[in-house]
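Quick note on numbering: the sequence shown equals residues 12 to 131 in my numbering.
Before any comments, here is the structure.
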Amino acid sequence: MDIVDPRLGSDFNKEEVMAMLNIALLCTTISSAVRPAMSSVVSMLEGRTAVQDIVSDPSAPSDDLKLEEMKEHYRHIQEKSMGVSESKAQSMPDGPWTASSSIPDLYPVNLDSEYWEKRD
């Protein structure tokens with residue numbers, strides 16, 4: 012029980028500690044569909060209901076994999092929009108222009124952008 016505050020010494024209930032850890036793991040499950048409702052969590056903490064078993068789905072993609080897939084998706088969108096804007100620029104005749112802005116003009120779509128780091 013290295014996770015328990017050392018100031019408690021041996022003055023704690025091991026079953027309660029294990030229940031708290033299991034509840035914490037349930038509440039931080041990757042899939043929101045598997046997480047218990049708050050009322051269920053309160054009931055488990057109060058001891059009115061049994062702590063649910065933790066269901067680990069090894070086929071579920073990890074957060075890192077999901078993040079990489081999302082980055083790749085946005086890179087693809089950015090590359091696609093860059094190609095469209097370049098072809099539009101080549102086909103537009105010279106003439107009076109009006110200014111307009113869109114979200115990609117104002118904020119980078121690229122998740123790896125340094126914009127997010129430098130904006131503070």
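Every residue gets a Cβ at the ideal spot worked out from N, C-alpha and C, and that includes glycine.
For clarity, every value in this text was computed on a predicted model and none was experimentally measured.
In chain order, what residues of the same chain lie with their CB nearer than 8 Å to the CB of Lys-91, ignoring the 5 residues before and after it? Here the set comprises nothing.
Give a yes or no on contact between the region 13-26 and the region 44-64, applying the rule of three or more CB pairs nearer than 8 Å. Counting Cβ pairs under 8 Å, fewer than three are found: no touch.
Examine the ligand ZN and report whether any of its heavy atoms sits within less than 8 Å of the Cβ of Lys-25. Inclusion of the ligand ZN in the displayed structure is not the case, the ligand content being empty and no account of it being possible.
Does DSSP put Ser-92 in a helix, a strand or coil? Three-state result, Ser-92: helix.
Using the Cβ count rule (16 or more neighbours within 10 Å means buried), how would you classify Leu-76? Around the CB of Leu-76, fewer than 16 other CB atoms lie within 10 Å, so the residue is classed as exposed.
Please state the DSSP three-state secondary structure of Val-45. It is coil, neither helix nor strand.
Under the three-state DSSP convention, the category Ser-51 falls into: Look at Ser-51 here: in three-state DSSP terms it is helix.
Alpha-carbon to alpha-carbon, Lys-82 and Asp-13: Answer to the nearest angstrom: the Cα atoms are 38 Å apart.
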